[in-house]
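Encoded as structure tokens, the structure appears first; notes follow it.
In the numbering used here, the protein residues as written are -17 to 150.
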């Protein structure tokens, strides 16, 4: 069975939904951000602070390559994975790309205070809106999109399962 790959902006629930989805489907769950932190033995915020975004993206590419090579997984990706076409090509080889979408206000609510997200720390509403707008075309490159607003993580997981079955 093809992997289910969750993409979306920061705070859209990729990890939470991914864990539920994997449990419901009896699949292995992988989170590329967790893989990076484990490999580097430090938090993503520290990687950005110490080595910068370019280094982080290189390590992220390795995590994506490793995750996408495994069969029958649910993979939660970091919010910026979609920016690298090589990442998306690898993920698509053995996966169905699902975009979790939330409106700006919900993203702001869920990411208030940054929460270890270096690209959101100290960002104004307008800056976050601009980043979401810049990434929108990349998130639109998916097999299907699930709106998360007003849904519990379990309802989002159920919606993904329904769409996935129809897609396959």
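Positions of the beta carbon are idealized from the N, C-alpha and C atoms, including for glycine.
Quick test of your reading: residue i and residue j, contact by CB under 8 angstroms. State the CB separation rounded to the nearest angstrom.
i, j, result
"residue -17", "residue 54", "5 angstroms"
"residue 56", "residue -9", "Between residue -9 and residue 56 the Cβ distance is about 19 angstroms, and since that is not below 8 angstroms, they are no contact."
"residue 138", "residue 110", "The pair is not a contact, with the Cβ atoms about 21 angstroms apart (cut-off 8 angstroms)."
"residue 82", "residue -1", "7 angstroms"
"residue 64", "residue 117", "7 angstroms"
Check whether the Cβ of residue i lies closer than 9 angstroms to any Cβ atom in chain C.
i, result
"residue 83", "Here there is only one protein chain, and chain C is not present."
Where do the N-terminal and C-terminal ends of the alpha helix (DSSP H) with residue i fall, by residue?
i, result
"residue 129", "Element bounds for residue 129: not the alpha helix (DSSP H) but the beta strand (DSSP E), 126 to 129."
"residue 34", "26 to 50"
"residue 89", "86 to 93"
"residue 134", "Premise fails: residue 134 is in no alpha helix (DSSP H) and is neither H nor E."
Using the three-state DSSP reduction, which class does residue i fall into: helix, strand or coil?
i, result
"residue -11", "strand"
"residue 58", "strand"
"residue 108", "helix"
"residue 8", "coil"
"residue 23", "coil"
"residue 76", "coil"
"residue 122", "coil"
"residue 13", "strand"
Using 9 angstroms as the threshold, is the C-beta distance between residue i and residue j below it?
i, j, result
"residue 130", "residue -11", "no"
"residue 39", "residue 61", "no"
"residue 35", "residue 14", "no"
"residue 49", "residue 17", "yes"
"residue 72", "residue 84", "no"
"residue 33", "residue 46", "no"
"residue 37", "residue 26", "no"
Within 10 angstroms of the Cβ of residue i, are there 16 or more other Cβ atoms? Answer buried if so, exposed if not.
i, result
"residue -7", "buried"
"residue 173", "Here the chain has residues from -17 to 150 only, and residue 173 is not among them."
"residue 23", "exposed"
"residue 58", "buried"
"residue 121", "buried"
"residue 31", "exposed"
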